[in-house]
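Data block below; observations after.
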Amino acid sequence: TWASVPQAPPDSIFKLTAAYKTDTHPQKVNLGVGAYRDDNGKPWVLPVVQKVNEILLKDTTLDHEYLPITGLPEFTSAAAQVLFSAGSAALKEGRISSVQTISGTGANHLAALFLAKFYQWNGPKQVFISNPTWANHKAILKNVGIEPVDYPYYDPKTIGLDFSGLLNSLSSAPERSVFLLHACAHNPTGVDPTNEQWEKIADVMLQKGHYAFFDCAYQGFASGDLDRDASAVRHFEQRGVPLLVCQSFAKNAGLYGERVGALHVVGATHDAAVRVKSQLSVLQRSEISNPPTYGARIMALILNDSGLFEEWKRDIKTMADRIINMRKELFVLLTDELKTPGKWEHIVNQIGMFSFTGLNTTQSKALLEKAHVYLTENGRISMAGLNSKNIRYFAESMDQAVRG
Ligand code: LMR
Numbered sequence: 032t033w034a035s036v037p038q039a040p041p042d043s044i045f046k047l048t049a050a051y052k053t054d055t056h057p058q059k060v061n062l063g064v065g066a067y068r069d070d071n072g073k074p075w076v077l078p079v080v081q082k083v084n085e086i087l088l089k090d091t092t093l094d095h096e097y098l099p100i101t102g103l104p105e106f107t108s109a110a111a112q113v114l115f116s117a118g119s120a121a122l123k124e125g126r127i128s129s130v131q132t133i134s135g136t137g138a139n140h141l142a143a144l145f146l147a148k149f150y151q152w153n154g155p156k157q158v159f160i161s162n163p164t165w166a167n168h169k170a171i172l173k174n175v176g177i178e179p180v181d182y183p184y185y186d187p188k189t190i191g192l193d194f195s196g197l198l199n200s201l202s203s204a205p206e207r208s209v210f211l212l213h214a215c216a217h218n219p220t221g222v223d224p225t226n227e228q229w230e231k232i233a234d235v236m237l238q239k240g241h242y243a244f245f246d247c248a249y250q251g252f253a254s255g256d257l258d259r260d261a262s263a264v265r266h267f268e269q270r271g272v273p274l275l276v277c278q279s280f281a282k283n284a285g286l287y288g289e290r291v292g293a294l295h296v297v298g299a300t301h302d303a304a305v306r307v308k309s310q311l312s313v314l315q316r317s318e319i320s321n322p323p324t325y326g327a328r329i330m331a332l333i334l335n336d337s338g339l340f341e342e343w344k345r346d347i348k349t350m351a352d353r354i355i356n357m358r359k360e361l362f363v364l365l366t367d368e369l370k371t372p373g374k375w376e377h378i379v380n381q382i383g384m385f386s387f388t389g390l391n392t393t394q395s396k397a398l399l400e401k402a403h404v405y406l407t408e409n410g411r412i413s414m415a416g417l418n419s420k421n422i423r424y425f426a427e428s429m430d431q432a433v434r435g
């Protein structure tokens, strides 16, 4: 039995965490997985989450019953509100079907499954994804029989956005194509369209009747401002671009292991939204039956209490600001101090958890092998892994890798 099952390669991101853990080098640095670390390189339980944990611990009314199939209602409705804003027409008109998911990955999966089954495909089942994108997007789409097709996004020459390539592919794709877009803090590049560019993207999407599949894993975490990071999604919703959004609270609430997220599908009418939700519920039942309670309870408390919500916003800003400061410090070290060959402005211009350094595979591998700095082979570093103690070591190691 199973004699013909081939060995699968390890996951390109989580294999780094495993290797880092067993490495005994005193100066090892983990810049692999996108998970926030404080200035001591330690995971950070947000103070607001600590507070809510204590509230939940004392609450004797809580039990361990199943949640409804579509999740904790006070979580899903508040999650929709923080994403789309209370003033959103779609929200007020009851046109959004929101379902609690196993974090962002589960939302992507449920979205892909729903599209595979119900989208009115114009030709083969294919979803356009940015080149590059989060490696898991491809796997998630393929798992449900959807072919991922690359659209140009990143321009290695400018280490920035290939905006004309992106617009060309939007214009030349068949009508009613599905485009997977990163709502903010593009993973892995940290390169986002500007507001004006998002408006142009929305123009073409409307002209061509395309469908926007938003992945929103970093709301608030990118700029420190929940509203600013939701502006692309809100703009598309206001313009009437047909869309869905996959939402995660892993990063912005530091709830990685709780797997708390949601899928929001915007419909044209309330009636359509009710029907969509009924189908999402059927799909969810056969996949996971009922989503997990704990993370949803934490987020429901934070999102529905104005005091806790303000505290959460402060915590988000603490994380975003620390990352922004690390970008500035790294830039100064490379340019002013080490005079590392090349241009490094992109490090401060990029946004969110990651920086696409521009290091090639050889340089990235050299960093790993010689300096014990763990990063993905595409040159992506998790900025959150840098801190006041290791940033100089990292900059010097990077300088050496660049000089070869
Ligand atoms: C990452 O890209 O490192 C994170 O989103 C974690 C993951 O699930 O891959």
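For what it's worth, full-length UniProt numbering labels the leading residue of the sequence shown as 32, then goes sequentially.
Using N, Cα and C, we set each Cβ at its ideal position, and we do this for glycine too.
Here the structure is a predicted model, which means the values were calculated and not measured.
Through-space distance from V291 to L201, alpha-carbon basis: 32 Å
Cβ-heavy atom distance, V222 to the ligand ATP, below 7 Å: Within the structure as shown, the ligand ATP is missing, the only ligands being the ligand LMR.
Secondary structure, alpha helix (DSSP H): runs of 4+ residues fully inside the segment 39 to 70: 45 to 53
Range covered by the beta strand (DSSP E) that runs through Q157: 157 to 162
Three-way DSSP call (helix, strand, coil) for P78 in this model: helix
The ligand LMR heavy atom lying under 7 Å from the CB of V180: no
Reference C277, options G196, L286, T136, P322, closest by Cα: T136
Span of the beta strand (DSSP E) around D246: 242 to 247
Q151 in three-state terms, based on DSSP: coil
Which listed residue (L365, K401, G255, D430) has its alpha carbon closest to that of D352: G255
Closer than 7 Å: N167 CB and nearest the ligand LMR heavy atom: yes
Any non-hydrogen atom of the ligand LMR within 7 Å of residue 456 CB: Nothing can be reported for residue 456: it is not among the residues displayed for the chain, which extend from 32 to 435.
Presumed contact (8 Å Cβ cut-off) between A432 and L406, rounded CB distance: Wrong, their Cβ atoms sit about 10 Å apart, outside the cutoff.
C-alpha gap between T164 and Y424, whole angstroms: 29 Å
Contacts around N391, its chain only, beta-carbon distance under 7 Å, and the 5 residues preceding and following it disregarded: G410
Enclosing beta strand (DSSP E) for E178 [first to last residue]: 178 to 183
Cβ contact check for the segment 88 to 101 and the segment 263 to 274: 3 or more pairs under 8 Å: no
Bridge partners - I378, DSSP secondary structure assignment: DSSP output for I378 lists no bridge partner at all.
Residue from D54, V313, R434, L365 with nearest C-alpha to F149: V313
Alpha-carbon spacing of N71 relative to N418, whole angstroms: 7 Å
Rounded straight-line distance, which links the Cα of S129 to that of A39: 35 Å
Where R434 falls, given that 16 or more other Cβ within 10 Å makes a residue buried: exposed
Buried versus exposed call for Y249 [16 or more other C-beta atoms within 10 Å across all chains shown]: buried
Closer than 7 Å: I44 CB and nearest the ligand LMR heavy atom: yes
Sequence-distant residues of its chain with Cβ nearer than 7 Å to M414 (five each side left out): I354, M357, R358, M384, F385, S386
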